[in-house]
Ligand code: HEC
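Shown next as structure tokens:
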């Protein structure tokens with residue numbers, strides 16, 4: 002098919018579908034830092050990493066991922082359309098300033114301080130200087146009231162762009178600028194192993210209880 006014909010076919014298809022630019026399949030508009038909304042339903046999303054312990058900054062964090070992000074494959078960037086939401090909670094402190102721990106030895110989640118969002122789509126995040134680019138990821142931060150945090154969201158890029166060898170502080174391009182990248186895939190691999198263990202135990206003992214299943218996964222925390 003020559004170019005002219007295919008171009009006019011696209012034009013006809015656009016007319017029939019009532020506008021390519023605004024239709025449901027149109028690519029999302031190019032967004033910049035601070036323009037990504039806090040998703041209303043993120044608490045129903047799968048967890049990326051739960052109960053992140055940050056005694057150094059007196060916080061506990063919960064990180065959620067949207068469905069698209071769950072299809073990511075280790076060694077590859079997260080697919081376009083991926084989003085993460087991270088809740089930052091204050092860790093409860095004792096009157097002497099030391100941090101409280103619960104029966105499980107973990108920090109105790111106090112009040113919500115902020116909700117951080119990051120998402121990627123083709124064309125997003127290209128309005129910053131090349132050395133600040135994090136692929137197509139853009140960043141936004143919200144107070145519990147829903148207002149934007151005071152910090153300029155461009156400042157979010159600093160930590161996510163830096164590559165540290167173990168990925169505990171920065172992520173860099175090898176981890177698609179997602180700081181808990183390695184931990185997520187390690188945890189996912191461990192989860193698969195749990196299923197394999199449960200399946201083999203089931204086969205050997207003719208069934209396994211929910212309690213056994215919980216004990217197996219508790220071993221892997
Ligand atoms: C001081 C360094 C630093 C800055 C600045 C920073 N982050 Fe992060 N971010 C981290 C670390 C470290 C993690 C991993 C979780 C943890 O250990 O607390 C993280 C994790 C995240 C995650 C979960 C996905 C992932 O990368 O693991 C999101 C979403 C996120 N940050 C958004 C933001 C937003 C939005 C801002 C700006 C408002 C921001 N971050 C600024 C260090 C930073």
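Numbering (the numbering used here), first residue to last: 2 to 222. All residues carry an ideal CB built from backbone N, CA and C; glycine is no exception. Model, not experiment: these values are computed from the prediction.
Starting from residue i, trace the beta strand (DSSP E) in both directions and tell me its first and last residue.
{"i": "residue 246", "result": "Any property of residue 246 remains undetermined from this structure, which presents the chain solely from 2 to 222."}
{"i": "residue 75", "result": "Per DSSP, residue 75 belongs to no beta strand (DSSP E) and is neither H nor E."}
{"i": "residue 60", "result": "60 to 66"}
{"i": "residue 43", "result": "Unbroken run through residue 43: none, as it is neither H nor E."}
{"i": "residue 178", "result": "Neither: residue 178 is in no beta strand (DSSP E) and is coded neither H nor E."}
Going by C-alpha distance, which of the options is nearest residue i?
{"i": "residue 41", "options": "133, 85 and 163", "result": "85"}
{"i": "residue 53", "options": "99, 43, 65 and 46", "result": "65"}
{"i": "residue 49", "options": "63, 120 and 107", "result": "63"}
{"i": "residue 70", "options": "192, 182 and 187", "result": "182"}
{"i": "residue 120", "options": "190, 135, 131 and 107", "result": "135"}
{"i": "residue 45", "options": "103, 37, 32 and 67", "result": "67"}
{"i": "residue 145", "options": "72, 99, 91 and 83", "result": "91"}
{"i": "residue 61", "options": "37, 47 and 102", "result": "102"}
{"i": "residue 160", "options": "153, 150, 180 and 149", "result": "180"}
{"i": "residue 99", "options": "126, 132 and 56", "result": "56"}
{"i": "residue 174", "options": "47, 132, 96 and 95", "result": "132"}
{"i": "residue 35", "options": "126, 97, 171 and 51", "result": "126"}
Would residue i be called buried (16 or more neighbouring beta carbons within 10 Å of its own) or exposed?
{"i": "residue 89", "result": "buried"}
{"i": "residue 30", "result": "exposed"}
{"i": "residue 163", "result": "exposed"}
{"i": "residue 112", "result": "exposed"}
{"i": "residue 77", "result": "exposed"}
{"i": "residue 176", "result": "buried"}
{"i": "residue 130", "result": "exposed"}
{"i": "residue 157", "result": "buried"}
{"i": "residue 139", "result": "buried"}
{"i": "residue 137", "result": "buried"}
{"i": "residue 154", "result": "buried"}
{"i": "residue 152", "result": "exposed"}
{"i": "residue 191", "result": "exposed"}
{"i": "residue 106", "result": "exposed"}
Could you check if residue i belongs to the surroundings of ligand 1, using beta carbon to heavy atom distance under 7 Å?
{"i": "residue 62", "result": "yes"}
{"i": "residue 234", "result": "Limits of the chain in this structure are 2 at one end and 222 at the other, which puts residue 234 out of reach."}
{"i": "residue 156", "result": "yes"}
{"i": "residue 256", "result": "This structure cannot speak to residue 256, because the chain is shown only from 2 to 222."}
{"i": "residue 118", "result": "yes"}
{"i": "residue 85", "result": "yes"}
{"i": "residue 134", "result": "no"}
{"i": "residue 181", "result": "yes"}
{"i": "residue 35", "result": "no"}
{"i": "residue 175", "result": "no"}
{"i": "residue 75", "result": "no"}
{"i": "residue 53", "result": "yes"}
Residues in the same chain with beta-carbon distance under 8 Å from residue i, minus the five sequence neighbours each way, listed in chain order, please.
{"i": "residue 39", "result": "86, 116, 118, 141, 143 and 147"}
{"i": "residue 72", "result": "80"}
What first and last residue would you give for the alpha helix (DSSP H) that runs through residue i?
{"i": "residue 162", "result": "158 to 162"}
Using a Cβ-Cβ distance under 8 Å, would residue i count as near chain D?
{"i": "residue 46", "result": "In summary, chain D is missing from the structure at hand, where a single protein chain is found."}
Can you name, in chain order, every residue of its own chain whose Cβ lies under 7 Å from the Cβ of residue i, other than the five neighbours on each side?
{"i": "residue 82", "result": "69 and 122"}
{"i": "residue 128", "result": "33"}
{"i": "residue 37", "result": "118, 120, 139 and 141"}
Who are the Cβ neighbours of residue i in its own chain at under 6 Å, not counting the five residues just before and after it?
{"i": "residue 22", "result": "Unreliable placement is indicated for residue 22, whose pLDDT of 49 sits below 50; the coordinate value is still reported in the next sentence. Hits under 6 Å: none found."}
{"i": "residue 189", "result": "none"}
{"i": "residue 59", "result": "92"}
{"i": "residue 114", "result": "89 and 91"}
{"i": "residue 109", "result": "93, 101 and 103"}
{"i": "residue 75", "result": "186"}
{"i": "residue 124", "result": "31"}
{"i": "residue 43", "result": "65 and 86"}
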